[in-house]
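Engineer: This is the structure I want to talk about, given as structure tokens.
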Amino acid sequence: MEIHRFERLWLGLSILLVLALIGTVTYGAVAEGIEMVGGDGETFDSANLDGTEFEEPGVRKVGEDEYEVYVVARRFFFNPGTTDPIRVPADSTVTFHVTSPDVVHGFEIANTNVNTMVIPGQESVMEVEFDEAKQYGIVCHEYCGSGHHSMEGSIQVVPQSQYNVTAATVNADAAQEGGS
Amino acid sequence: MWLFAFAILLILVIEGMTFAGLIGGLAGGDGDGTQTADPTPVDGVATGEELLPETDRTETLTTATLSSGDRWTLTLTVAVENTGDTPYELRLGPVTTVGGASHDPRADATTGSIAPGETATVTAQWRFPSGSTPNFVAVTAVEGSEGATTTLFDDEVAIARVPVQG
Amino acid sequence: MSTPTADETVSETDRRTTVAESRDAENRLAYLERFPEAAKLVRACFLVAFGALGVGGLFGLVQALHRTDVFRGFISSADYYTVLTGHGVLLVLVFTTFFIAGIFAWAVTKSLDRPFTNMRLAWTWFGMMTLGTVMAAAAILAGLVPSLDISADVLFTFYTPLQAHPLFYVGAALIIVGSWLAGANYFLTFRAWRKDNPDERIPLQTFMVLTTMLMWYLSTIGVAVEVVVFLIPWSLGFVDQVDPLTMRTLFWYFGHPVVYFWLLPAYLVWYTIMPKLAGGRLFSDPLARVVFVLFLLLSTPTGFHHQYLDPGIPEGFKMIAMTNTMMLLLPSLLTAFTVVASIEHGARQRGGSGRLGWLRSLPWENPAFSGCALAGLMFAAGGFSGMINAGMNINYLIHNTLWVPGHFHLTVGTAFALTAMAITYWLLPQITGKRLKHRTLAAVQPFIWFIGMFLMSNAMHRAGLLGVPRRTAEPEYNVVDASFSGAAGGYGEMRLQIAVGGTLLFVSLAIFVFVIARTWLSHKSERIDVNGAIPEPLSGPDHSPVVLDNLRLWLAIAVVLVLLTYAIPVVGLLSDGVFGPGAPAVPV
């Protein structure tokens, strides 16, 4: 089969492009340590979260500068996140655990790469490093029903000195009880 | 033919601007390339804020909740302190949702006449189809006693987006 | 006999390359006279396709104005999702499938030069697909009528546990199964031709149709199983719960190759018809065959790249899907080369010269050509944004943001839709016997589409980078609003761009529907002025290895690749219960 000289050149450049793209992703995975969501979450009966870690959503301190946040996404709010912001200190590593008892939702910290699908019965786990004090918004980006566009939350990354672990957890409990 | 040239020119201009903007954002931003900033004040009255800043009395929106379900229920509570020297009454009227639909409150919503120096609250509920976002609430503020009243305010007030709860 | 005027579609080359006056006359009325039954079928398919395009396009305008807060008075925000479902289903399930069925019917009968072996079968599948369309559309539109307790506000992807009315799922299943029968028509006709021509190479257009349909059969297994085995019984109440992750996986097994089902017919047009419109010939037949074989092999084992951020699917499988996806770039890049080379050849035949000057010698006033060329150009941009989507960890930045619709409006929304509209200007006269009306309007239409789509898609990409979500009726938030500002003009300017772009697209669509309707409803002409003849390629099929025509071999390899990519994950998903972990249904 006859392949024109220019075509061979073009094919070569195309293959280089493909390799470069795969290389970029590999760099992100290996050098930067960016992991994909998946694999390391639990599965459970979505309709009944009692007996799982999600029974009491909120922020927990698990080590020096290490926190875990259990978030339940449901129609149409995040718990914690919506009525009370999720509060973590700056310079910490936070592992988010997100699930849903009803339908598929999205959980994205807008304008960052913290982004995951939230699927009933599955647990999304993401380890995030928060460096500076800032306020972020959380968006649900997967259609979940007529109130989808109202679904939002916020995360407050506060300076270490201002952070109070007990206050953060207490707020989350209050939110779970459905109060104002 | 000129359409074609125009199209290509338009592309070059807008893509160029986009590229310049993105590079500028990266270079002049807060260093990590993101555009996140601390939030600017939101449009509309949020909880804890004054409902009618233009009147001399204090009317604070103490709670705003939105419960979902087949139909959504908005509950607003306003705490009014009559800091003036004549009786004062605050009434809440229809809520307008995004798109323009108007919904009356489930029952009459008024503080009743508040004597000078006293405080009172008014709570009202509105129901509308799921997915509707409350935009404005009609507010009427009246001062004076029976028979000799002046309307201080009778207009729509924008309310900030209310988070949805269970 | 009228003399062609300056703005007619007959090119100089057409008149130079036709051999004899009698052959010329034969070509001018060729298709309609030679294959009246097939022409009737193609017309029927196009009628449904354009009907769906019109309604779906109108919905798109309503959405663009609502989302950007330019005008929210047409529908409530809850109904936005009903309209969005209609937009998705009517455009990418109905318009696409019917148009493709029509153009494939034309391509097979024309290139094999024989009618369908079984017209009864043809009208059966047409009826089935139309019935399915009516059912699904009724279920969706009933969502706008509160008094009817029927709705299907589930969007084109119908993720569970959101649950639509059974009518919706049955309708969708009928459309898919109908398309399988359409494929049977093409294969049966090919088999009859093969009996009469045992040693010939498969004509290129038929080769493209057959490879596309083989890919379609392989890929629709996923969604057919999802809908027929799970969702129809579930929506009727025979099954209590389904596993949302398994359903998503079955959908996206289909959801990626379906975009190639839309793209390959556009490639068929660009490879086999566009060179002729440009005044030239296809650069290379063998390379076209290689491209289509690569799509048959690689289209399906890539579905996980739509599930990069799904919990429950291990990273390894996502990585495999990524490398397959990146390799799938190659046939498209090859296509870019071949198509540009072919039209350059055409331009030089028409007298063009210079490094880039030949571009001006192309027939830009011919909407069939300009639409295809603009579609191809826009597809290149769409391909680049697709490369970003495919980057596994890069995907974190744009998943489910407005970037994604920005991407696919360039690909299916332009590469497919604009090519379809453009080639209709060329094909409609041949299947109806009526001359194209309102040529100036037609000539302008692709450019308006191009400008509108460029504005809208550019803004969508930028907004997506800021994190603005897709599939959202009112993308305004309390805390997040602040971060939506900044970057080249601000969010308000982006919204305006989307609204303006969307409006221009609707105007362009309205022009297309108007021109086609007027042409279709006009009187038959004695002679149409479109020449349906397609010249031989510069490098013909005899230069390509015979193994390329061995469809069985390629199908077998494709199946193996699919098993390698999907067998382990699917077994894993089913091993903790076929229906579990389940979730209660949420009717919408």
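Chains as they are written, first to last, in numbering that gives the first Met the number 0: chain G, 0 to 179; chain D, 0 to 165; chain X, 0 to 587.
We put the beta carbon where it would ideally sit given N, CA and C, even for glycine.
Treat the numbers as computed from the prediction; the structure is a model and nothing was measured.
Output the distance between the C-alpha atoms of residue 120 of chain G and residue 69 of chain G, rounded to the nearest integer angstrom.
Structural biologist: For the purposes of this step, residue 120 of chain G is taken as residue 121 along the first sequence, with counting starting at 1. For the purposes of this step, residue 69 of chain G is taken as residue 70 along the first sequence, with counting starting at 1. Using only the alpha carbons, I get a separation of about 15 Å.
Engineer: If the cut-off is 8 Å on Cβ atoms, which residues from the stretch 48-74 of chain G count as contacting chain D, listed in chain order?
Structural biologist: 73 and 74
Engineer: Could you work out which residue in X/550, X/535 and X/569 is closest to residue 274 of chain X when comparing CA atoms only?
Structural biologist: Start at 1 with the first residue of the third sequence, and residue 274 of chain X comes out as number 275. The shortest C-alpha separation from residue 274 of chain X is found at X/535.
Engineer: Looking at C-alpha atoms only, which residue of X/295, X/158, X/352 and X/137 is the closest neighbour of residue 142 of chain G?
Structural biologist: Indexing the first sequence from 1 puts residue 142 of chain G at position 143. Taking only the C-alpha atoms, the option nearest residue 142 of chain G is X/158.
Engineer: For residue 52 of chain G, which residues from the same chain have a beta carbon less than 7 Å from its beta carbon, with the 5 sequence-adjacent residues on both sides left out?
Structural biologist: For the purposes of this step, residue 52 of chain G is identified with residue 53 of the first sequence, where counting begins at 1. These residues qualify, in order along the chain: 69 and 96.
Engineer: Name the chain D residues whose beta carbon is nearer than 8 Å to that of residue 588 of chain X?
Structural biologist: The structure shown does not extend to residue 588 of chain X, since chain X spans only 0 to 587, so no value can be given for it.
Engineer: In three-state terms, what does DSSP make of residue 317 of chain X?
Structural biologist: Numbered from 1 along the third sequence, position 318 holds the residue referred to as residue 317 of chain X. Secondary structure at residue 317 of chain X: helix, using DSSP grouped into helix, strand and coil.
Engineer: Thinking C-alpha only, which one of X/227, X/182 and X/206 is nearest residue 166 of chain X?
Structural biologist: Within the third sequence, the letter at position 167 stands for residue 166 of chain X. Taking only the C-alpha atoms, the option nearest residue 166 of chain X is X/227.
Engineer: In chain X, which residues lie less than 9 Å from residue 132 of chain G when you measure between Cβ atoms?
Structural biologist: Here residue 132 of chain G corresponds to residue number 133 of the first sequence, with the count starting at 1. Listed along chain X, no residue sits closer than 9 Å to residue 132 of chain G by beta-carbon distance, the nearest being about 15 Å off.
Engineer: Between which two residues does the beta strand (DSSP E) holding residue 108 of chain G run?
Structural biologist: For this step, residue 108 of chain G is matched to residue 109 along the first sequence. Where residue 108 of chain G is concerned, the enclosing beta strand (DSSP E) stretches over 104-108.
Engineer: What does residue 125 of chain G touch in chain D if you count any residue whose Cβ is under 8 Å from its own?
Structural biologist: In the first sequence, the residue the question calls residue 125 of chain G occupies position 126. Correct list: empty, because the minimum Cβ distance to chain D is about 17 Å.
Engineer: So, with DSSP's three-state summary, where would you put residue 463 of chain X?
Structural biologist: As a position in the third sequence, residue 463 of chain X is number 464, starting the count at 1. Residue 463 of chain X: helix per DSSP, three-state reduction.
Engineer: Give a single yes or no on whether residue 567 of chain X has its beta carbon closer than 7 Å to a heavy atom of the ligand ZN.
Structural biologist: Of the ligands one can find in the structure shown there are none, so the ligand ZN has no counterpart to examine.
Engineer: Rounding to the nearest angstrom, what Cα-Cα distance links residue 127 of chain D and residue 257 of chain X in this structure?
Structural biologist: The residue given as residue 127 of chain D occupies position 128 in the second sequence. The residue given as residue 257 of chain X occupies position 258 in the third sequence. The straight-line gap from Cα to Cα measures roughly 39 Å.
Engineer: What is the rounded straight-line gap between the Cα of residue 326 of chain X and the Cα of residue 261 of chain X?
Structural biologist: Translated into the one-based positions of the third sequence, residue 326 of chain X becomes position 327. Translated into the one-based positions of the third sequence, residue 261 of chain X becomes position 262. Rounded to whole angstroms, residue 326 of chain X to residue 261 of chain X spans 19 Å at the Cα level.
Engineer: Under 8 Å between beta-carbons, which chain D residues line up against residue 473 of chain X? List them in chain order, please.
Structural biologist: In the third sequence, the residue the question calls residue 473 of chain X occupies position 474. Within chain D, the residues whose beta carbon sits less than 8 Å from that of residue 473 of chain X are 97 and 132, listed in sequence order.
Engineer: Are the beta-carbon atoms belonging to residue 71 of chain G and residue 98 of chain G less than 8 Å from one another?
Structural biologist: Within the first sequence, numbered from 1, the residue matching residue 71 of chain G stands at position 72. Within the first sequence, numbered from 1, the residue matching residue 98 of chain G stands at position 99. Their beta carbons are under 8 Å apart, which means residue 71 of chain G touches residue 98 of chain G by this criterion.
Engineer: Where do the N-terminal and C-terminal ends of the beta strand (DSSP E) with residue 116 of chain G fall, by residue?
Structural biologist: Numbered from its first residue, the first sequence carries residue 116 of chain G at position 117. Counting along the chain, the unbroken beta strand (DSSP E) around residue 116 of chain G starts and ends at 114-117.
Engineer: Looking at the structure shown, is residue 433 of chain X part of a helix, part of a strand, or coil, going by DSSP?
Structural biologist: In the third sequence, counting from the first residue as 1, residue 433 of chain X sits at position 434. In this structure, residue 433 of chain X counts as coil in the three-state DSSP scheme.
Engineer: So which residues on chain X does residue 112 of chain G lean against when the C-beta distance must stay under 7 Å?
Structural biologist: Mapped onto the first sequence, residue 112 of chain G falls at position 113. Chain X residues near residue 112 of chain G: 395 and 396.
Engineer: At 8 Å on the CB atoms, spell out the chain D contacts of residue 146 of chain G, in chain order.
Structural biologist: The count along the first sequence starts at 1 and reaches residue 146 of chain G at position 147. Contacts between residue 146 of chain G and chain D, judged by CB atoms closer than 8 Å, involve 67, 71, 129, 130 and 163 in chain order.
Engineer: Show which residues of chain D have a CB atom less than 7 Å away from the CB atom of residue 660 of chain X.
Structural biologist: Chain X is shown from 0 up to 587; residue 660 of chain X falls before or after that span and cannot be answered.
Engineer: Residue 144 of chain G and residue 113 of chain G - do their beta-carbons sit closer together than 8 Å?
Structural biologist: For the purposes of this step, residue 113 of chain G is identified with residue 114 of the first sequence, where counting begins at 1. For the purposes of this step, residue 144 of chain G is identified with residue 145 of the first sequence, where counting begins at 1. No.
Engineer: Name the residue from X/95, X/57, X/33 and X/63 whose alpha carbon lies nearest to the alpha carbon of residue 46 of chain X.
Structural biologist: As a first step, residue 46 of chain X is located in the third sequence; it is residue number 47 there, counting from the start. X/95 is the residue among X/95, X/57, X/33 and X/63 whose C-alpha sits nearest the C-alpha of residue 46 of chain X.
Engineer: I want to know whether the stretch 284-302 of chain X touches the stretch 371-385 of chain X - three or more CB-CB distances under 8 Å.
Structural biologist: By the Cβ test, the stretch 284-302 of chain X is not in contact with the stretch 371-385 of chain X, since fewer than three Cβ pairs between them sit closer than 8 Å.
Engineer: Pull up the DSSP beta-bridge partners for residue 154 of chain G, would you.
Structural biologist: Walking along the first sequence from the start, residue 154 of chain G turns up at place 155. Residue 154 of chain G has G/85 and G/135 as its beta-bridge partners, per DSSP.
Engineer: Return the chain-ordered ranges of every alpha helix (DSSP H) run that is complete within the stretch 247-304 of chain X and spans a minimum of 4 residues.
Structural biologist: 256-267, 273-276 and 284-297
Engineer: Answer with yes or no whether the minimum CB distance from residue 4 of chain D to chain X is below 8 Å.
Structural biologist: Walking along the second sequence from the start, residue 4 of chain D turns up at place 5. By this cut-off, residue 4 of chain D is not an interface position.
Engineer: Note down the Cα distance separating residue 206 of chain X from residue 111 of chain G, rounded to an integer number of angstroms.
Structural biologist: Your numbering for residue 206 of chain X matches position 207 in the third sequence. Your numbering for residue 111 of chain G matches position 112 in the first sequence. Rounded to whole angstroms, residue 206 of chain X to residue 111 of chain G spans 46 Å at the Cα level.
Engineer: Given that residue 35 of chain X touches chain G, what residues does it touch there, using C-beta distances under 7 Å?
Structural biologist: Along the third sequence, one-based indexing puts residue 35 of chain X at 36. Residues of chain G passing the Cβ test: none, with the nearest at roughly 39 Å.
Engineer: Starting from residue 129 of chain D, follow its DSSP beta bridges and name the residues at the other end.
Structural biologist: Against the second sequence, residue 129 of chain D aligns to sequence position 130. Answer is none; residue 129 of chain D lacks a bridge partner.
Engineer: Between which two residues does the beta strand (DSSP E) holding residue 61 of chain G run?
Structural biologist: Counting from one through the first sequence, the residue named residue 61 of chain G turns up at place 62. From DSSP, the beta strand (DSSP E) with residue 61 of chain G extends over 57-62.
Engineer: Apart from the five residues on each side of it in sequence, which residues of its chain come closer than 6 Å, Cβ to Cβ, to residue 85 of chain D?
Structural biologist: One-based indexing of the second sequence puts residue 85 of chain D at position 86. Same-chain partners within the cutoff: 142 and 143.
Engineer: Taking only beta-carbon atoms, is residue 76 of chain X less than 8 Å away from chain D?
Structural biologist: Walking along the third sequence from the start, residue 76 of chain X turns up at place 77. Closer than 8 Å: yes.
Engineer: Please name the residues in the stretch 74-108 of chain G whose beta-carbon is closer than 7 Å to at least one beta-carbon of chain D, in chain order.
Structural biologist: For the stretch 74-108 of chain G, which is checked against every Cβ of chain D, the residues closer than 7 Å are 74, 75, 76, 81 and 82.
Engineer: Measure from the C-beta of residue 161 of chain G to each C-beta in chain X and report whether the shortest distance is under 8 Å.
Structural biologist: For this step, residue 161 of chain G is matched to residue 162 along the first sequence. No, residue 161 of chain G lies away from the interface with chain X (no Cβ there is under 8 Å from its Cβ).
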